[in-house]
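The structure appears right after this line, and notes come after that.
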Amino acid sequence: MLEVNGLRVSYGGIQAVRGITFHVNEGEMVALIGANGAGKSSTLRALSRLLDPAGGSVRYRGKELLALPPHRLVGEGIALVPEGRGVFPRMSSLENLRMGAYARNNKTEIEGDLEQVLGHFPRLKERAQQLAGTLSGGEQQMLAIGRALMSKPRLLLLDEPSMGLAPIMVQKIFEVIRAVASAGMTILLVEQNAKLALEVSQRGYVMESGEITLTDESKKLLTDPKVRACYLGE
Amino acid sequence: MNGRIRSSVSVSWQRHWLGLLLLAVVLLAVPFVAALGGQAWVRIANFAILYMFLALGLNIVVGYAGLLDLGYVAFYAVGAYTYALLASPHFGIHLPFWVILPLGAGLACVFGVLLGAPTLKLRGDYLAIVTLGFGEIVRIFMNNLNAPINVTNGAQGITLIDPIRIGDFSFAQTSTFLGVTLSGPQKYYFLLVALALLVIVVNIRLQDSRIGRAWQAIREDEVAAKACGINTRNIKLLAFAMGASFGGIAGGIFSAMQGFVSPESFSLMESITILAMVVLGGMGHIPGVILGAVLLTGLPEALRYGIEPLQRALFGRMIIDPESLRMLVFGLALVLVMRFRPAGLWPSSQRRRELAESAD
Chain F
1 MLEVNGLRVS YGGIQAVRGI TFHVNEGEMV ALIGANGAGK SSTLRALSRL
51 LDPAGGSVRY RGKELLALPP HRLVGEGIAL VPEGRGVFPR MSSLENLRMG
101 AYARNNKTEI EGDLEQVLGH FPRLKERAQQ LAGTLSGGEQ QMLAIGRALM
151 SKPRLLLLDE PSMGLAPIMV QKIFEVIRAV ASAGMTILLV EQNAKLALEV
201 SQRGYVMESG EITLTDESKK LLTDPKVRAC YLGE
Chain Z
1001 MNGRIRSSVS VSWQRHWLGL LLLAVVLLAV PFVAALGGQA WVRIANFAIL
1051 YMFLALGLNI VVGYAGLLDL GYVAFYAVGA YTYALLASPH FGIHLPFWVI
1101 LPLGAGLACV FGVLLGAPTL KLRGDYLAIV TLGFGEIVRI FMNNLNAPIN
1151 VTNGAQGITL IDPIRIGDFS FAQTSTFLGV TLSGPQKYYF LLVALALLVI
1201 VVNIRLQDSR IGRAWQAIRE DEVAAKACGI NTRNIKLLAF AMGASFGGIA
1251 GGIFSAMQGF VSPESFSLME SITILAMVVL GGMGHIPGVI LGAVLLTGLP
1301 EALRYGIEPL QRALFGRMII DPESLRMLVF GLALVLVMRF RPAGLWPSSQ
1351 RRRELAESAD
């Protein structure tokens, strides 16, 4: 579904991503793990067109993504959950979710999806009228995921969903991600918490200083001695 | 849940309409009441509406889209000079107002995009500095475009600008309708009110529209707005363009009403005053912005006329020059309002809710 070929990203003179190649198949969840500064988020920002890569190609369902401006991605069925959540703090939860459906027109369909998303996240339903800025970190992350789902994506890009959350909240978020995936969503998950990411995904890529150094089924990566030593703290 | 949202919308609409009705009655009475104190007061009322016009235009840029613009007066200047140059003996051109006002609005709109395009990636303080520079550049151009070709007549400004005229009916002279005698300023007053109502309706419609929501989203988080499929570049340019065209129309009317323009009228202080109206009244909230404009135009004038007699009554003589005291009181009022009502005098219910929640 998504094929990334030789993607390079540089900031000034620094190469953050040095020609990486990977793919995501329809219906699977792929984890992109690595330490701080490995280039994971840069990769995702390039995919979601928030920054212009220095080279390479990104093909999505046969179409070149790098030729599209960022706001067109939603229409193509790609939704990004930005790093650090990125909810609209001075809008209510409900307004945030509705913004997710900004590019869609069918009102009855949107209302139906709204009910469905609120069903996924009972906490958001309780706090429907509350301003997003006053929600807890975990609730904001749920809201950001919910908002992305409101655009009815085929491919969900998750940027560090566990960042800055209490361990119990991280568990909850990952339960939600698992539920979304089991409903058939294709997901590219960028995550520092390698253990959790590899537990929920089917395949994984390990990134190190801008390059992909290892790739395998997630189950195998979890038992790989190098991964265990470097990322699982054993 | 849906029912609750819908009913709150209809309540706010009822409140809108009730407010507008009250406003209509007051608006009709104002020029006649003001005339009792002399035509100068009618002119002050006219300026209050003109500033309201400007403040509502700036509200689109600052209040809705959250783009801090300190050079808004530039668009006002573009509109004013467009009118002045095309309806005065300066070039000997005398086009009718219904040609020039839209032209001025269009030109201001172009300038809005000219300012918006290079500043798309800037936010907050950085944007404020660039827009401030832009405002000054326009003023300095108006000041110096008298050589080698005399376009703007420099610091002397342009005089003898045509008033707004429909056939033989001129807004500059006194005339009588149905037994009611209307002076020039009173006629301008009604014209301004009509235009202001139009601007208010446009503002309300924009606020509740798809574009309005996109502006709000950009104000809150630009990356997330992009991720929601909003074309942030076009939507931001649209905010600049729309705000600017309101400024252009206001400028044209200013030209016609005054009969005279000079670069002096378009200083940085003007931009700041208009911004103060928006912030003081209640950013992003239409009634608040209107209140801010009326107060900030009326208050300094009231102080100008009120301080001298007050001092004589209290102390028997003038102690402090009214002009300097006026700015002092004005400044103090701004400080007090921002200290005790940080969301503005009449904030939107949302802003109020927000401040209440963050205080918990």
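Sequence lines, in order, name chains F and Z.
Everything in the first sequence is counted per our numbering, starting at 1 for the first residue and increasing by one.
Everything in the second sequence is counted per our numbering, starting at 1001 for the first residue and increasing by one.
Just so it is clear, CB atoms sit at the ideal spot from N, CA and C, and this is done for glycine as well.
Do you know how far the Cα of Arg127 of chain F is from the Cα of Glu160 of chain F?
A direct Cα-to-Cα measurement between Glu160 of chain F and Arg127 of chain F gives close to 24 Å.
Can you check which of these residues, Z:Val1223, Z:Leu1238 and Z:Lys1187, is closest to Arg1210 of chain Z by C-alpha distance?
Taking Arg1210 of chain Z as reference, the option from Z:Val1223, Z:Leu1238 and Z:Lys1187 with the minimal CA-CA separation is Z:Leu1238.
Return the residue from the list Z:Gly1344, Z:Glu1301 and Z:Met1338 that minimises the CA-CA distance to Leu1325 of chain Z.
Answer by Cα proximity: Z:Glu1301.
Mind listing which residues of the stretch 115–138 of chain F have their C-beta closer than 7 Å to chain B's C-betas, in chain order?
The structure shown contains no chain B; the protein chains it does contain are F and Z.
I believe Val1278 of chain Z touches Gly1292 of chain Z by the beta-carbon criterion, under 8 Å. Please report the beta-carbon distance rounded to the nearest angstrom.
The C-beta separation of Val1278 of chain Z from Gly1292 of chain Z comes to about 6 Å, placing the pair in contact by the 8 Å criterion.
Please check if any C-beta of chain Z sits within less than 8 Å of the C-beta of Pro82 of chain F.
Contact of Pro82 of chain F with chain Z is assigned, a C-beta pair being separated by under 8 Å.
Report the neighbours of Val1223 of chain Z on chain F: residues whose CB is nearer than 8 Å to its CB, in chain order.
In chain order: Leu50, Pro82 and Gly86.
Measure the alpha-carbon distance for Trp1098 of chain Z versus Ala1155 of chain Z and round it to whole angstroms.
So the alpha carbons of these two residues sit roughly 28 Å apart.
Determine, using beta carbons only, whether Ile1290 of chain Z and Met1052 of chain Z come nearer to each other than 8 Å.
Yes. Within cutoff.
With 8 Å set as the bound, which would you pick, yes or no: does the beta-carbon of Met1001 of chain Z sit closer than that to a beta-carbon of chain F?
Here Met1001 of chain Z scores only 42 on pLDDT, less than 50, and its place in the model is too uncertain to base an answer on.
State whether the stretch 58–77 of chain F contacts the stretch 1216–1234 of chain Z, with contact taken as three or more CB pairs (one from each stretch) at a distance under 8 Å.
As far as the Cβ criterion goes, the stretch 58–77 of chain F touches the stretch 1216–1234 of chain Z, which means the pair count is three or higher.
Check the Cβ-Cβ distances between Met185 of chain F and every residue of chain Z, and say whether any is below 8 Å.
False, the Cβ-Cβ gap to chain Z never drops below 8 Å.
Along the chain, which unbroken stretches of the beta strand (DSSP E) at least 3 residues long are found entirely within the stretch 197–231 of chain F?
Qualifying beta strand (DSSP E) stretches, in chain order: 203–208 and 211–217.
Give the interface partners of Tyr102 of chain F over in chain Z, defined as CB-CB distance under 9 Å, in chain order.
Per Cβ cutoff of 9 Å: Arg1210, Arg1213, Ala1214, Ala1217, Ala1225, Cys1228, Gly1229 and Ile1230.
Any C-beta of chain Z sitting closer than 8 Å to the C-beta of Arg61 of chain F?
Arg61 of chain F does not count as touching chain Z.
Taking Val24 of chain F and Thr186 of chain F to be in contact with their CB atoms under 8 Å, please state how far apart those CB atoms are, rounded to whole angstroms.
The pair is a contact, with the Cβ atoms about 6 Å apart (cut-off 8 Å).
For the stretch 59–89 of chain F, list the beta strand (DSSP E) runs that are entirely contained and at least 3 residues long, ordered along the chain.
Here the runs fully enclosed are 78–81.
Can you tell me the Cβ-Cβ gap for Arg147 of chain F and Gly100 of chain F, rounded? I've got them flagged as a contact below 8 Å.
In this structure Arg147 of chain F is in contact with Gly100 of chain F, their Cβ atoms being roughly 4 Å apart against a cut-off of 8 Å.
Residues in its own chain within less than 6 Å of Ala1172 of chain Z by CB, not counting five upstream and five downstream?
In its chain, beyond the 5 residues on either side, Pro1163 and Gly1184 have a beta carbon closer than 6 Å to the beta carbon of Ala1172 of chain Z.
Val9 of chain F at chain Z interface by Cβ criterion, 8 Å
So no, Val9 of chain F is outside the interface.
Whose C-beta lies closer than 6 Å to the C-beta of Glu76 of chain F among residues of the same chain, with five residues either side of it excluded?
So no residue of the chain qualifies.
Can you give the Cα-Cα distance for Ile33 of chain F and Gln129 of chain F, rounded to whole angstroms?
Looking at the two C-alpha atoms, the distance is approximately 36 Å.
Which residues mark the beginning and the end of the alpha helix (DSSP H) in which Tyr1076 of chain Z is found?
Residues Val1073 to Leu1086.
Who are the Cβ neighbours of Ser1088 of chain Z in its own chain at under 7 Å, not counting the five residues just before and after it?
Hits under 7 Å: Ile1158, Leu1160, Ile1161 and Asp1162.
Considering only DSSP beta bridges, list what Ser57 of chain F is partnered with.
The beta-bridge partner set that DSSP reports for Ser57 of chain F consists of F:Asn5.
Can you find a C-beta in chain Z that's less than 8 Å from the C-beta of Met163 of chain F?
False, the Cβ-Cβ gap to chain Z never drops below 8 Å.
At a Cβ threshold of 8 Å, is Glu1323 of chain Z touching chain F?
Among the CB atoms of chain F, none fall inside 8 Å of the CB of Glu1323 of chain Z.
Between Z:Val1062, Z:Gly1079, Z:Ala1194 and Z:Leu1280, which lies nearest to Gly1251 of chain Z when the distance is taken from Cα to Cα?
Nearest of Z:Val1062, Z:Gly1079, Z:Ala1194 and Z:Leu1280 to Gly1251 of chain Z, Cα basis: Z:Gly1079.
Closer than 6 Å by C-beta to Glu3 of chain F: which residues in its own chain qualify, once you throw out the five before and the five after it? Chain order, please.
Answer for Glu3 of chain F: His23 and Arg59, listed in chain order.
Along chain Z, in chain order, which residues have C-beta atoms closer than 7 Å to that of Pro70 of chain F?
Residues of chain Z passing the Cβ test: Lys1226.
Quick check on Ser93 of chain F - is its C-beta less than 8 Å from some C-beta in chain Z?
Chain Z contact via Cβ: absent.
Under the DSSP definition of a beta bridge, which residues are partnered with Ile14 of chain F?
According to DSSP, Ile14 of chain F shares a beta bridge with F:Tyr11.
Label Trp1013 of chain Z either buried or exposed according to how many other C-beta atoms from any shown protein chain fall within 10 Å of its C-beta, with 16 as the threshold for buried.
Classified as exposed, Trp1013 of chain Z has fewer than 16 neighbouring CB atoms from the shown chains inside 10 Å of its CB.
Cutoff 8 Å: Val246 of chain F Cβ touching any chain Z Cβ:
In the structure displayed, chain F extends from 1 to 234; residue 246 of chain F sits before or after that span and is not available.
Within 8 Å, strictly: CB atoms of Ile1049 of chain Z and Leu1182 of chain Z
Not closer than 8 Å, so no.
Determine whether the beta carbon atoms of Val9 of chain F and Ala54 of chain F lie at a separation below 8 Å.
Here Val9 of chain F is near Ala54 of chain F, since their CB atoms are less than 8 Å apart.
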